[in-house]
Amino acid sequence: MLVLYETPAGYALFKIQDDSKVEEVEDITEAFSDSDVANKLVKLKAFHKFEDTSEALVAATAMLESTVSKPLKKFLQKNIVSKNLTDELAVYEKGLGRAINKKLEIQCVYNDKVLEIMRGIRGNLERLMGGTTDADLNVMRLGLAHSLGRHKLQFSPDKVDTMVVQAIGLLDELDKELNTYAMRVREWYGWHFPEMGKIVTENVPYAKTVRKMGMRENCVKCELGDVLDEETEQELKEAVQVSMGTEVSDDDISNIQSLCDQVIHLSEYRVQLYEYLQNRMRAIAPNLTTMVGELVGARLIAHAGSLMTLAKHPASTVQILGAEKALFRALKSKHDTPKYGLIYHASLIGQAPPKHKGKISRVLAAKCALSIRVDALTQGDIPMVGVEHRMAVENRLRMLEGGSMTAMSGTAKEKKGAEKYSKPEGAGAAKYNAGGDVTMSEKKDKKKKKKEESEEEEEDVVLVKKKRT
Numbered sequence: 006m007l008v009l010y011e012t013p014a015g016y017a018l019f020k021i022q023d024d025s026k027v028e029e030v031e032d033i034t035e036a037f038s039d040s041d042v043a044n045k046l047v048k049l050k051a052f053h054k055f056e057d058t059s060e061a062l063v064a065a066t067a068m069l070e071s072t073v074s075k076p077l078k079k080f081l082q083k084n085i086v087s088k089n090l091t092d093e094l095a096v097y098e099k100g101l102g103r104a105i106n107k108k109l110e111i112q113c114v115y116n117d118k119v120l121e122i123m124r125g126i127r128g129n130l131e132r133l134m135g136g137t138t139d140a141d142l143n144v145m146r147l148g149l150a151h152s153l154g155r156h157k158l159q160f161s162p163d164k165v166d167t168m169v170v171q172a173i174g175l176l177d178e179l180d181k182e183l184n185t186y187a188m189r190v191r192e193w194y195g196w197h198f199p200e201m202g203k204i205v206t207e208n209v210p211y212a213k214t215v216r217k218m219g220m221r222e223n224c225v226k227c228e229l230g231d232v233l234d235e236e237t238e239q240e241l242k243e244a245v246q247v248s249m250g251t252e253v254s255d256d257d258i259s260n261i262q263s264l265c266d267q268v269i270h271l272s273e274y275r276v277q278l279y280e281y282l283q284n285r286m287r288a289i290a291p292n293l294t295t296m297v298g299e300l301v302g303a304r305l306i307a308h309a310g311s312l313m314t315l316a317k318h319p320a321s322t323v324q325i326l327g328a329e330k331a332l333f334r335a336l337k338s339k340h341d342t343p344k345y346g347l348i349y350h351a352s353l354i355g356q357a358p359p360k361h362k363g364k365i366s367r368v369l370a371a372k373c374a375l376s377i378r379v380d381a382l383t384q385g386d387i388p389m390v391g392v393e394h395r396m397a398v399e400n401r402l403r404m405l406e407g408g409s410m411t412a413m414s415g416t417a418k419e420k421k422g423a424e425k426y427s428k429p430e431g432a433g434a435a436k437y438n439a440g441g442d443v444t445m446s447e448k449k450d451k452k453k454k455k456k457e458e459s460e461e462e463e464e465d466v467v468l469v470k471k472k473r474t
């Protein structure tokens, strides 16, 4: 019997000297317990050394996928087929044995005895191969394990979703800090120039204006064209003349301007971080980004923990992701469950009218679930699937708004429409009946007769009452 054994250094072909000693599993275990007996039982017949780690990785991948690589095929042809050997070849996996038998017509065997032989060879590999040490083999195993792990995970630096999770978390924190700092600037400088708060409504232009202007008296001389438009600048200069604010010192203004610098720097960094997040999302999840946008997609990934974890969620979970508290509260109180969570902020749901938001969120979640799985399990940054799915959701929204799609029950489907009128056979054309006409004089005569009849009835009633009395 021949044994095909793969090592981190290369392919090894061993020959069992005495097949009678490997008939039972117990005999094999006993034979390989002693290295001297194992060295007599198993002899190294041929060895093919891998040139580098890349070749070792290709060989290991082929063995895991139960396929015959080119180096293995050449190795077996050279040492078995060309020498016309008829011995059985022991392999560690049944699928690999079938592939070898199909390509090279070599009889392969796989059973419990083969597994025990493999285990025995692994325990005595240093003695059986000769010229190698355990330290060398351990280094080879470690390098091959790292390469194989990267290959199985399809590792790519552009596909690391940890960066997206951290970036969206930092972006949310920056928004909170910017709002806090900007409100503090408005409250602080509002004591000196309160009218400016209603004229300049945006936070960053407000901070830049305060930073450039300083005291309100400098507003008339200061050029604010690079910060504000002409109308706002003119209105601001007019408001300075009638301002009701209090006077502040130079030290106060310097501290306010320092806070304005923080607001300006944080806003600039936020723009830079948002561009970074956009590029990362287009590389990691292009289809999901096409469906719901960068921010909503990043929040979904961050809430799930990773892109792969999000891909394992069904569409119903994606739909209410972020509304867990409302969901369990509704289940506990037996009320209606929420229709959407983080996905509510997607532009497609924002376009839908209120009565259709639930339907569109369900359709969008179903398409997003498919897009997420494509992003998680494939390579590439072209959102072909996302574009198709977005068009499908937009068509569904358009149909709902147009009212062309209406729900129909089973009983309504069975109802027949109104039958078309068909004239009976033999019936001629209808003729005009002049006797059915009613003139105005006839109508007046009928009214007079009704009045006379009613008057006679009343007289009869009066006569009857008089007789009784």
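All the letters of the sequence shown, read from the start, carry residue numbers 6 to 474 under our numbering. Every residue, glycine too, gets a C-beta built ideally from N, C-alpha and C.
Requested in this report: Output the distance between the C-alpha atoms of residue 350 and residue 301, rounded to the nearest integer angstrom.
Outcome: One C-alpha to the other measures close to 7 Å.
**Report entry** Proximity below 9 Å, CB of residue 7 to CB of residue 21
**Finding:** Yes, Cβ-Cβ distance for residue 7 and residue 21 is below 9 Å.
Query - Whole runs of the alpha helix (DSSP H) within the segment 85-145, excluding any shorter than 4 residues - result: 99-109, 117-128, 130-134
**Report entry** 6 Å Cβ shell around residue 374 - same chain, five flanking residues per side excluded
**Finding:** 320, 323
Query raised in the report: When the Cα atoms are used, what is the spatial distance from residue 275 to residue 231?
Result: Each residue's alpha carbon lies about 21 Å from the other.
**Report entry** Helix, strand or coil at residue 69 according to DSSP, with G and I counted as helix
**Finding:** Three-state result, residue 69: helix.
Query raised in the report: Can the beta-carbon of residue 99 be found less than 9 Å from the beta-carbon of residue 27?
Result: no
Query - Cα-Cα separation, residue 23 to residue 38 - result: 16 Å
Requested in this report: Buried or exposed for residue 358, please, with buried defined as at least 16 other CB atoms from any protein chain shown within 10 angstroms of its CB.
Outcome: So residue 358 counts as exposed.
Query - Delimiting residues of the alpha helix (DSSP H) encompassing residue 247 - result: No alpha helix (DSSP H) holds residue 247; DSSP gives it neither H nor E.
Requested in this report: Provide the residue span of the beta strand (DSSP E) that contains residue 15, from first to last.
Outcome: Counting along the chain, the beta strand (DSSP E) containing residue 15 begins and ends at 15-21.
Query raised in the report: Quick one: any contact between the segment 294-312 and the segment 167-178, if contact means 3 or more CB pairs under 8 Å?
Result: In short, these stretches touch, since the Cβ pair count reaches three.
Report task. Run the CB neighbour count on residue 366, radius 10 Å, all protein chains shown included, and call it buried at 16 or more, exposed below. Result -> Its Cβ being crowded by 16 or more others within 10 Å, residue 366 is buried.
**Report entry** Local conformation of residue 47 per DSSP, three classes
**Finding:** strand
Query raised in the report: Can you name the residues that DSSP bridges to residue 52?
Result: 17
Requested in this report: Indicate the three-state DSSP secondary structure (helix, strand or coil) for residue 11 in the structure shown.
Outcome: strand
Requested in this report: Measure the C-alpha to C-alpha separation of residue 160 and residue 87 and round it to an integer number of angstroms.
Outcome: Low local confidence applies: a pLDDT of 48 at residue 160 is under 50, so the model's placement there is unreliable, with the coordinate-based value given in what follows. The C-alpha of residue 87 is placed about 40 Å away from the C-alpha of residue 160.
Query raised in the report: Starting from residue 193 and walking both ways along the alpha helix (DSSP H), at which residues does that stretch end?
Result: Its alpha helix (DSSP H) spans residues 167-195.
Query raised in the report: Which whole-angstrom value describes the C-beta separation of residue 216 and residue 266, a residue pair presumed to lie in contact below a C-beta threshold of 8 Å?
Result: Confirmed, Cβ separation roughly 7 Å.
Query raised in the report: Are three or more beta carbon pairs between the segment 277-291 and the segment 172-184 nearer than 8 Å?
Result: In short, these stretches touch, since the Cβ pair count reaches three.
Query raised in the report: So what's residue 384 in DSSP terms, helix, strand or just coil?
Result: coil
Query raised in the report: Which residue from 253, 240, 200, 236 puts its Cα closest to that of residue 219?
Result: 253
Query raised in the report: In or out: residue 376 buried (at least 16 other Cβ within 10 Å) or exposed?
Result: buried
**Report entry** Where the alpha helix (DSSP H) through residue 77 begins and ends
**Finding:** 75-81
Query - Range of the contiguous alpha helix (DSSP H) that encloses residue 305 - result: 299-309
Query - Segment limits, alpha helix (DSSP H) that includes residue 204 - result: 201-204
Report task. Give a yes or no on whether the C-beta atoms belonging to residue 314 and residue 325 are separated by under 9 Å. Result -> no
**Report entry** Nearest-angstrom Cβ-Cβ length linking residue 50 and residue 14, presumed shorter than 8 Å
**Finding:** In fact, because the Cβ distance is near 16 Å, the residues do not count as touching under 8 Å.
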